[in-house]
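Counted the way my numbering counts, the sequence shown spans residues 85 to 478.
First the structure, in the form of structure tokens, and then the observations on it.
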Amino acid sequence: MNRIKFIPALSIAIILLFAACSKDDYKLGGENVDPFVRFNFMTKSDNIPLEYPAVNANLIPRNSFENTAVKTLKIPVALTSFSLKNAVTVNFSATTTGATDSYSLNPKTTLTFEGSKLTDTVFVSFDKRWTQNQSITLKLENASDPNIHIGNRNTEATNDTFKIDLGTISTNYTFPISKIDIKGVKGEVINFKVNFPNGFFPSEVDKLEMFQFLNGFDYELTHDDYGTNRSSINYHLKLLEDLQNDDVYYESSLTLVNTAIYPATGNKILQIVKPIKSARDVKANPASKFYDLTNQFYLTYGENWFDKSGTCAWQAFNAFTFPVVVTKDNPNAILYSDKGTTNPNDDIYHDAFKIGFNVVSGTSTTNSFNLKRWFTNESTAAANSPGFNITSAL
85 MNRIKFIPAL
95 SIAIILLFAA
105 CSKDDYKLGG
115 ENVDPFVRFN
125 FMTKSDNIPL
135 EYPAVNANLI
145 PRNSFENTAV
155 KTLKIPVALT
165 SFSLKNAVTV
175 NFSATTTGAT
185 DSYSLNPKTT
195 LTFEGSKLTD
205 TVFVSFDKRW
215 TQNQSITLKL
225 ENASDPNIHI
235 GNRNTEATND
245 TFKIDLGTIS
255 TNYTFPISKI
265 DIKGVKGEVI
275 NFKVNFPNGF
285 FPSEVDKLEM
295 FQFLNGFDYE
305 LTHDDYGTNR
315 SSINYHLKLL
325 EDLQNDDVYY
335 ESSLTLVNTA
345 IYPATGNKIL
355 QIVKPIKSAR
365 DVKANPASKF
375 YDLTNQFYLT
385 YGENWFDKSG
395 TCAWQAFNAF
405 TFPVVVTKDN
415 PNAILYSDKG
425 TTNPNDDIYH
435 DAFKIGFNVV
445 SGTSTTNSFN
455 LKRWFTNEST
465 AAANSPGFNI
475 TSAL
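What follows is the structure, given as structure tokens:
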């Protein structure tokens with residue numbers, strides 16, 4: 085008797101629940117949850133911001149962040165809802181304890197969500213060096229649709245405000261590679277970058293004596309306009325003479341200068357080299373014996389000879405090794421993959437005589453040449469210790 089009464093009651097409850105949900109375009113599944121919008125800023129284990137559209141379900145949104153970089157900081161704002169039938173705008177405000185002309189926002193006051201685009205981003209750009217103890221606070225104010233709740237629907241972590249604490253500025257620079265081989269033909273152009281992991285101010289870099297030169301041949305050096313990129317500068321070195329004696333080793337080097345506001349870190353020297361030409365069989369491809377692209381856990385075993393408490397000893401190390409990708413016209417190039425197409429433009433070539441050290445994924449570091457044995461406070465983040473990942477090593 086009780087079972088007969090219970091089943092209709094349950095059926096009525098389910099019908100009422102779905103009927104209630106069908107009246108609200110924003111209801112999530114069968115849950116009675118109204119749509120809400122909140123700041124969705126997260127950082128990885130190395131305290132580097134996770135930038136949208138990257139996702140990580142294990143991370144928790146933060147309500148504050150200490151920023152020491154001068155590159156643009158991206159603050160994602162997420163709307164929890166089904167796809168929207170109509171565009172929704174959300175207004176936000178910004179206040180600071182310091183100079184208002186030290187930063188700029190894009191957009192300035194209004195975020196937009198439409199269709200399946202349920203995340204928008206506040207880009208915070210820094211226009212000059214800030215004073216210490218300055219902060220910027222962003223606050224979500226209201227939505228064009230009054231049904232959208234501002235902040236998480238709880239009292240513990242509403243995430244309707246986000247505070248940027250501006251800490252001590254750290255602006256370093258580095259070469260991403262340490263050596264470039266050239267053909268030595270007059271007019272040849274060599275492209276390379278100088279990376280600024282934490283960004284830079286163009287007005288400062290324009291006045292900076294960045295390089296010390298040790299020139300073994302004539303060339304001219306230019307760089308691209310900075311544009312909106314604050315993470316690197318593209319340089320172009322053009323040869324002004326022919327280097328065609330195959331029995332001569334040619335080299336010019338550029339060394340990054342340590343300055344008070346832009347210290348050089350990681351790879352500080354870039355060698356531009358035309359090596360002595362020697363007869364070698366590219367098809368032998370000895371570099372391929374030191375990596376395995378089919379195994380993401382492949383490590384190369386090595387040993388190094390060093391002084392250990394006054395005694396010379398061997399020490400073993402393991403590091404992730406990878407091929408060095410080159411262009412087809414590189415004298416050491418060997419075809420790795422044609423990607424199954426007849427189009428030669430998508431072919432991938434590897435250097436038959438070089439390997440590099442890097443991580444499988446992410447932004448951490450590997451132990452190239454057992455270099456980490458020399459340090460006790462090294463950073464696990466490549467942005468802070470870029471010298472450990474030597475992508476073109478030997």
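Think of the CB as a built atom: it goes at the ideal place given N, C-alpha and C, for glycine as much as any other residue.
Alpha carbons only, please: which of the options is nearest the one belonging to residue i?
i	options	result
Leu327	Ser337, Lys361 and Thr203	Lys361
Phe437	Ser448, Phe459, Phe406 and Thr378	Phe406
Leu222	Thr215, Pro230, Lys201 and Leu189	Leu189
Asp118	Ile232, Ala227 and Asn427	Ile232
Gly182	Arg146, Asp249 and Asp435	Asp249
Lys212	Phe374, Phe453 and Glu288	Glu288
Lys267	Lys322, Ala397, Thr306 and Val121	Lys322
Phe210	Asn313, Asn142 and Ser463	Asn313
Asn473	Ser254, Glu462, Ser452 and Asn416	Ser452
Pro145	Ile264, Thr205, Pro137 and Thr242	Thr242
Val184	Gly199, Thr215 and Leu168	The sequence shown places Thr at residue 184, rather than the Val named in the question. It is Thr215.
Leu478	Asp431, Phe374 and Ser463	Phe374
Leu292	Leu298, Tyr382, Tyr346 and Leu455	Tyr346
Asp435	Tyr420, Asn217, Ser445 and Val444	Tyr420
Gly300	Trp458, Tyr333, Thr306 and Val273	Tyr333
Tyr303	Asp331, Asp330, Asn329 and Ser337	Ser337
Ser476	Thr425, Leu305 and Val410	Val410
Ala348	Asn256, Asn329, Asp413 and Val273	Asn256
Glu150	Asp413, Pro260 and Gly251	Gly251
Pro230	Phe120, Ala363, Lys412 and Gly394	Phe120
Ala363	Lys412, Asn226 and Asp331	Asp331
Would you report the Cα separation of residue i and residue j, rounded to the nearest angstrom?
i	j	result
Tyr187	Ile418	49 Å
Val239	Ala171	The sequence given here places Thr at residue 239; Val does not occur at that position. So the alpha carbons of these two residues sit roughly 28 Å apart.
His320	Pro359	20 Å
Lys158	Gly283	13 Å
Ala371	Ile439	6 Å
Asn379	Ile353	32 Å
Ile220	Gly311	25 Å
Gly350	Lys277	14 Å
Asn140	Ser165	19 Å
Val408	Tyr433	9 Å
Trp398	Phe280	36 Å
Lys247	Asp290	32 Å
Lys423	Ile264	26 Å
Asp244	Lys128	21 Å
Pro286	Gln355	25 Å
Val206	Asn427	41 Å
Ser262	Tyr136	31 Å
Asp108	Lys169	Because the pLDDT at Asp108 is just 43, under 50, the model does not fix this residue reliably, and the value given afterwards should be weighed accordingly. Going from the Cα of Asp108 to the Cα of Lys169 covers about 12 Å.
Thr339	Thr152	25 Å
Ser254	Asn217	15 Å
Thr460	Ser148	30 Å
Ser200	Ile132	27 Å
Tyr382	Ser445	13 Å
Thr384	Asp376	10 Å
Asn454	Thr258	21 Å
Val366	Gly471	29 Å
Thr179	Val208	13 Å
Thr447	Glu462	14 Å
Cys396	Asn416	36 Å
Phe176	Met294	40 Å
Trp458	Asn142	33 Å
Lys456	Lys392	15 Å
Leu134	Asp430	30 Å
So, are the CB atoms of residue i and residue j less than 7 Å apart?
i	j	result
Asp130	Ala465	yes
Glu325	Lys270	yes
Ala403	Phe441	yes
Val357	Gln296	no
Phe315	Lys155	The sequence given here places Ser at residue 315; Phe does not occur at that position. Yes, Cβ-Cβ distance for Ser315 and Lys155 is below 7 Å.
Asn161	Leu195	The residue asked about is misnamed: residue 161 is Val in this sequence, not Asn. Their beta carbons are under 7 Å apart, which means Val161 touches Leu195 by this criterion.
Ser228	Thr173	yes
Asn275	Arg122	no
Ser469	Thr450	no
Ala400	Glu387	yes
Phe125	Leu163	no
Lys318	Asp309	According to the sequence displayed, residue 318 carries Asn and not Lys. Contact: no.
Going by the DSSP bridge assignment, what does residue i pair with across the sheet?
i	result
Asn265	It is Asp, not Asn, that sits at residue 265 in the sequence shown. According to DSSP, Asp265 bridges with Val357.
Arg122	Ala162
Leu338	Phe297 and Leu354
Lys128	According to DSSP, which records beta bridges pairwise, Lys128 is partnered with nothing at all.
His391	Reading off the sequence, residue 391 comes out as Asp, not His. Asp391 is bridged to Cys396.
Val278	Ile317
Pro133	Thr127
Length-filtered (3 minimum) beta strand (DSSP E) runs lying within the segment 405-476:
Runs of the beta strand (DSSP E) inside the segment 405-476: 405-410, 417-421 and 432-441.
Restricting to runs no shorter than 4 residues, where is the alpha helix (DSSP H) found entirely within the segment 196-251?
Whole alpha helix (DSSP H) segments, 4+ residues: zero.
Inside the segment 306-334 only - beta strand (DSSP E) runs reaching at least 3 residues:
The qualifying runs are 316-323.
My parser needs the beta strand (DSSP E) runs of 3 or more residues fully inside the segment 135-197; what are they?
Qualifying beta strand (DSSP E) stretches, in chain order: 148-151, 157-164, 172-180, 187-190 and 194-197.
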